[in-house]
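Peer 1: Sharing a structure, written as structure tokens. Questions coming.
Protein chains in written order, with my numbering: chain A, 1 to 324; chain B, 325 to 667.
In structure tokens:
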């Protein structure tokens with residue numbers, strides 16, 4: 001399994017470095033990577049794409065793990081940062097920061113986006129889990145869709161009168177990994193590391209949670225604390241990724257289901273593997289976006305939505321009626 | 325049945341009819357006032373006398389252009405699109421017996437938008453082609469949602485989930501088309517993402533007006549059957565409603581209106597969702613809220629457009645205003661439905 005995933009990762013790294021509005025040949029690729037003395041056009045294109053590739057791998061890993069943690073915590077197959085409206089919450093806070101606090105650097109966005117995602121996640125879960133049966137997929141999705149609609153109207157209302165915010169925001173809103181600079185990566189790494197670490201540590205306990213709250217308590221798991229910690233890690237990961245790359249949807253949903261389908265339901269496997277799956281999915285989507293939008297590029301969020309939405313539909317048609 | 329009970333039932337019916345008439349008339353009156361305001365207000369305020377003279381064809385310097393070329397098309401677009409959204413939204417909500425199952429949430433308007441964007445921005449086709457394409461796309465979306473959520477036993481919840489998925493896909497497609505077609509064109513993007521009356525032109529209006537004039541009567545005539553459908557499949561059949569035929573005609577007329585309204589103004593957020601429930605609240609239970617919901621829709625659009633134009637220092641497109649008004653209501657409705665366990 002590890003071999004396959006390493007091969008896949010390798011393929012998408014090479015694709016991400018070589019493909020785009022300018023195709024790079026093999027020897028040019030190698031020149032760009034290993035021969036810093038060569039200063040050809042193609043070599044520079046490759047060097048430009050290195051940071052972008054690293055960034056998209058990291059973002060994808062964060063979104064993948066965030067999705068699988070959210071699904072495990074809510075015991076709900078349709079949990080994903082974008083479907084639950086968490087991305088839009090982050091967007092609203094970032095826009096408020098730009099408009100009212102004059103914020104313009106990535107490390108300031110990140111805290112605002114984290115605050116926004118946390119508040120929205122709590123709000124959506126609050127609404128979605130009211131009433132009989134707790135948080136069913138339908139209730140959660142509807143709460144997420146309603147919240148997204150509400151928040152995105154607010155976002156539009158804030159940016160329309162302020163053209164400077166609109167310019168800044170548009171670059172962020174497109175949901176693209178193209179802006180991934182080494183600075184952004186450096187800001188991202190601590191959040192990624194903490195989030196992934198928590199994700200890997202809580203895996204076994206989440207397995208117990210999957211058996212139901214009573215059984216988990218019987219097995220010695222503190223369900224309340226576990227949910228809180230895992231949800232925090234999920235929000236940390238997707239909030240940080242959203243702050244730097246803009247709202248990108250469906251990666252967590254796709255990655256988690258792909259892994260569960262191929263490797264079974266053990267969360268000790270799902271969580272680390274969905275990091276890899278998320279990285280592969282996001283990077284490949286970015287490459288597709290570059291090819292489909294050529295000579296410009298199609299933002300990666302559009303590509304992932306186009307691939308991810310059919311999965312949502314499939315899940316909806318497969319799900320048991322009772323749980324809908 | 326004793327005479328007294330009979331009298332009692334009749335009295336109740338008379339009471340409801342009176343209430344319905346009162347509500348409908350006040351809504352129509354409000355609509356007239358809003359229309360006049362739409363024509364009079366603007367960068368310069370023209371008195372009603374000047375507006376009337378300009379409308380009757382007299383050439384008045386400044387007034388004629390502002391009223392006939394800018395304000396009249398805007399007012400008419402809002403009027404007809406609002407009516408269409410309200411009526412069609414209510415039709416779907418009643419037919420599926422769930423206020424959440426409205427064309428905005430389940431992606432029907434997104435289907436029409438995507439087709440219209442493709443025709444206008446990418447292919448630069450004529451208005452007729454845009455209208456036809458948006459209607460066809462709207463119908464195709466309905467068919468796709470129905471086919472995908474048909475698994476037995478039928479559940480509206482599944483239909484809504486499938487619709488949200490389709491909506492997400494179509495929105496991604498619209499973003500892509502906007503990126504390919506109209507780079508940096510923000511007004512165009514805003515129109516297709518949240519709906520706006522800015523830049524409405526006389527020549528765009530005929531398809532919408534014609535479809536409303538044809539389809540609205542169909543929907544109103546079938547409304548008797550619609551209120552039977554509301555009782556559920558079996559009850560409606562035993563009361564003599566042709567459930568399948570009624571449904572098909574209702575869907576056809578609703579989608580035609582929706583699609584052409586969307587092709588003219590963009591999907592004005594939440595109007596289709598809000599109108600039905602508001603009309604129901606006003607009219608009360610037991611009397612058809614079809615016409616009132618259309619009237620509520622057009623009042624919403626006109627009022628929101630006036631607010632968007634004049635209440636703030638900046639001009640907001642109508643969709644942003646209806647979005648901000650509608651979203652909290654959607655959330656409240658969800659909370660209430662969740663509490664009752666209706667979902």
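From the three backbone atoms N, C-alpha and C, an ideal C-beta is built for every residue, glycine too.
Rounded to the nearest angstrom, what separates residue 500 of chain B and residue 249 of chain A at their Cα positions?
Peer 2: Numbered from 1 along the second chain, position 176 holds the residue referred to as residue 500 of chain B. Numbered from 1 along the first chain, position 249 holds the residue referred to as residue 249 of chain A. Put simply, the backbone Cα of residue 500 of chain B is about 15 Å away from that of residue 249 of chain A.
Peer 1: Roughly how many angstroms separate the alpha carbons of residue 627 of chain B and residue 152 of chain A, rounded to a whole number?
Peer 2: In the second chain, residue 627 of chain B corresponds to position 303, counting from 1. In the first chain, residue 152 of chain A corresponds to position 152, counting from 1. Roughly 21 Å between the two C-alpha positions.
Peer 1: For residue 1 of chain A, count the other beta carbons within 10 Å of its own beta carbon; 16 or more makes it buried, fewer makes it exposed. Which is it?
Peer 2: On the first chain, residue 1 of chain A is found 1 positions in, with the first residue counted as 1. Exposed is the call here.
Peer 1: Check the C-beta distance from residue 394 of chain B over to residue 157 of chain A and give it rounded, since I have them as a contact under 8 Å.
Peer 2: As a working mapping, residue 394 of chain B is identified with position 70 in the second chain. As a working mapping, residue 157 of chain A is identified with position 157 in the first chain. Contact flag wrong, Cβ pair sits at about 24 Å.
Peer 1: What did DSSP end up calling residue 119 of chain A once you bin it into helix, strand or coil?
Peer 2: Taking the first residue of the first chain as position 1, residue 119 of chain A is located at position 119. Residue 119 of chain A sits in a helix when the DSSP states are folded into three classes.
Peer 1: Contact criterion: CB-CB distance below 8 Å. Does residue 496 of chain B meet it with respect to chain A?
Peer 2: Locating residue 496 of chain B in the second chain gives position 172, counting from the first residue. Judged by the 8 Å Cβ criterion, residue 496 of chain B is in contact with chain A.
Peer 1: Thinking C-beta only, is residue 124 of chain A closer than 8 Å to residue 88 of chain A?
Peer 2: Mapped onto the first chain, residue 88 of chain A falls at position 88. Mapped onto the first chain, residue 124 of chain A falls at position 124. No, the pair does not count as a contact, with Cβ atoms beyond the cut-off.
Peer 1: Can you give me the Cβ contacts of residue 344 of chain B inside the same chain, cut-off strictly under 6 Å, excluding the 5 residues immediately before and after it?
Peer 2: By one-based count along the second chain, residue 344 of chain B stands at place 20. Same-chain partners within the cutoff: 607 and 611.
Peer 1: Quick check on residue 488 of chain B: does DSSP put it in helix, strand or coil?
Peer 2: Position 164 of the second chain, counting from 1, holds the residue named residue 488 of chain B. Three-state result, residue 488 of chain B: helix.
Peer 1: Ignore the nearest five residues each way along the sequence and tell me which others in residue 339 of chain A's own chain have a CB closer than 8 Å to its CB.
Peer 2: Since the displayed chain A opens at 1 and closes at 324, residue 339 of chain A lies outside it and no answer follows.
Peer 1: Spell out a yes or no on whether the segment 365-375 of chain B and the segment 640-659 of chain B are touching, meaning 3 or more CB-CB pairs, one atom from each, closer than 8 Å.
Peer 2: Counting Cβ pairs under 8 Å, fewer than three are found: no touch.
Peer 1: Rounded to the nearest angstrom, what separates residue 305 of chain A and residue 231 of chain A at their Cα positions?
Peer 2: Here residue 305 of chain A corresponds to residue number 305 of the first chain, with the count starting at 1. Here residue 231 of chain A corresponds to residue number 231 of the first chain, with the count starting at 1. Approximately 23 Å, taken between the alpha carbons.
Peer 1: Checking contacts by CB at 8 Å: is residue 489 of chain B closer than that to chain A?
Peer 2: If you number the second chain from 1, residue 489 of chain B lands on position 165. Chain A contact via Cβ: present.
Peer 1: In chain order, what residues of the same chain have a beta carbon less than 8 Å from the beta carbon of residue 452 of chain B, not counting five sequence neighbours either side?
Peer 2: What you label residue 452 of chain B is simply residue 128 of the second chain in a count that begins at 1. Closer than 8 Å at Cβ, skipping near neighbours: 531.
Peer 1: Quick check: the Cα distance between residue 165 of chain A and residue 579 of chain B, rounded to an integer number of angstroms?
Peer 2: Locating residue 165 of chain A in the first chain gives position 165, where the first residue counts as 1. Locating residue 579 of chain B in the second chain gives position 255, where the first residue counts as 1. One C-alpha to the other measures close to 37 Å.
Peer 1: Less than 8 Å between CB atoms is the rule here; does residue 321 of chain A satisfy it with respect to chain B?
Peer 2: Locating residue 321 of chain A in the first chain gives position 321, counting from the first residue. Its pLDDT being 43, under 50, residue 321 of chain A is placed unreliably by the model, and the measurement read from it follows with that caveat. Yes, residue 321 of chain A counts as interfacial toward chain B.
Peer 1: Would residue 609 of chain B and residue 408 of chain B qualify as a contact pair, given that the criterion is a beta-carbon distance under 8 Å?
Peer 2: Taking the second chain and counting its residues from 1, one reaches residue 609 of chain B at position 285. Taking the second chain and counting its residues from 1, one reaches residue 408 of chain B at position 84. Contact: no.
Peer 1: Taking just the CA atoms, how far does residue 277 of chain A sit from residue 258 of chain A?
Peer 2: By 1-based counting over the first chain, the position of residue 258 of chain A is 258. By 1-based counting over the first chain, the position of residue 277 of chain A is 277. Straight-line Cα distance between these residues: approximately 8 Å.
Peer 1: For residue 421 of chain B, which of helix, strand or coil comes out of DSSP?
Peer 2: Taking the first residue of the second chain as 1, we reach residue 421 of chain B at position 97. Residue 421 of chain B falls in the coil class under three-state DSSP.
Peer 1: If you drop the 5 nearest sequence neighbours on each side, which residues of the same chain put their C-beta closer than 7 Å to that of residue 6 of chain A?
Peer 2: The residue you call residue 6 of chain A lines up with position 6 of the first chain. Nothing listed; no residue qualifies.
Peer 1: Can you find at least 3 beta carbon pairs, one from the segment 36-51 of chain A and one from the segment 186-195 of chain A, that sit closer than 8 Å?
Peer 2: Because the criterion of three Cβ pairs below 8 Å is not met, the segment 36-51 of chain A and the segment 186-195 of chain A do not touch.
Peer 1: Measuring only the C-alpha atoms, how far is residue 423 of chain B from residue 600 of chain B?
Peer 2: If you number the second chain from 1, residue 423 of chain B lands on position 99. If you number the second chain from 1, residue 600 of chain B lands on position 276. Between residue 423 of chain B and residue 600 of chain B, the C-alpha separation is close to 8 Å.
Peer 1: Which residues of the segment 155-166 of chain A have a Cβ closer than 8 Å to any Cβ of chain B? Give them in chain order.
Peer 2: 156, 157, 160, 161 and 166
Peer 1: From the DSSP output, in three-state form, read off residue 108 of chain A for me.
Peer 2: Along the first chain, one-based indexing puts residue 108 of chain A at 108. DSSP places residue 108 of chain A in helix when its eight states are reduced to three.
Peer 1: Take the Cβ of residue 516 of chain B as the centre, count every other Cβ of all protein chains shown within 10 Å, and call the residue buried at 16 or more, exposed below.
Peer 2: The residue given as residue 516 of chain B occupies position 192 in the second chain. Classification for residue 516 of chain B: buried.
Peer 1: Following the continuous alpha helix (DSSP H) through residue 526 of chain B, name the residue where it begins and the one where it ends.
Peer 2: Mapped onto the second chain, residue 526 of chain B falls at position 202. For residue 526 of chain B, there is no enclosing alpha helix (DSSP H), as DSSP marks it with neither H nor E.
Peer 1: State the start and end residues of the unbroken alpha helix (DSSP H) segment that holds residue 617 of chain B.
Peer 2: If you number the second chain from 1, residue 617 of chain B lands on position 293. Note, residue 617 of chain B: alpha helix (DSSP H), 614-634.
Peer 1: Any Cβ of chain B within less than 8 Å of the Cβ of residue 324 of chain A?
Peer 2: Position 324 of the first chain, counted from the first residue, corresponds to residue 324 of chain A. Any reading at residue 324 of chain A must be qualified, since the residue scores a pLDDT of 40, below 50, and its modelled position is unreliable; no value is offered.
Peer 1: Between the segment 633-645 of chain B and chain A, which residues of the former have a C-beta closer than 9 Å to a C-beta of the latter?
Peer 2: 636, 637, 638, 639, 640, 641, 643, 644 and 645
Peer 1: Leaving out the 5 sequence neighbours to the left and right, which residues in its chain are closer than 8 Å to residue 498 of chain B when beta-carbon positions are compared?
Peer 2: For the purposes of this step, residue 498 of chain B is taken as residue 174 along the second chain, with counting starting at 1. The residues are 434, 437, 438, 441, 516 and 517.
Peer 1: Which of the three DSSP states, helix, strand or coil, is assigned to residue 568 of chain B?
Peer 2: As a working mapping, residue 568 of chain B is identified with position 244 in the second chain. In this structure, residue 568 of chain B counts as helix in the three-state DSSP scheme.
Peer 1: Which complete beta strand (DSSP E) runs does the segment 175-258 of chain A hold, if anything under 3 residues is left out?
Peer 2: none
Peer 1: Is the Cβ of residue 659 of chain B closer than 8 Å to any Cβ of chain A?
Peer 2: Walking along the second chain from the start, residue 659 of chain B turns up at place 335. Chain A, which has a Cβ nearer than 8 Å to the Cβ of residue 659 of chain B, makes this yes.
Peer 1: Under 8 Å between C-beta atoms, does residue 317 of chain A make it to chain B?
Peer 2: As a position in the first chain, residue 317 of chain A is number 317, starting the count at 1. Interface residue (Cβ-Cβ distance to chain B less than 8 Å): residue 317 of chain A is classified as such.
Peer 1: Check whether the Cβ atoms of residue 92 of chain A and residue 140 of chain A sit closer than 8 Å, and answer yes or no.
Peer 2: Position 92 of the first chain, counted from the first residue, corresponds to residue 92 of chain A. Position 140 of the first chain, counted from the first residue, corresponds to residue 140 of chain A. No, they are not a contact pair.
Peer 1: Would residue 328 of chain A and residue 496 of chain B qualify as a contact pair, given that the criterion is a beta-carbon distance under 8 Å?
Peer 2: Chain A is shown only over 1 to 324; residue 328 of chain A falls outside these bounds and no answer can be derived.
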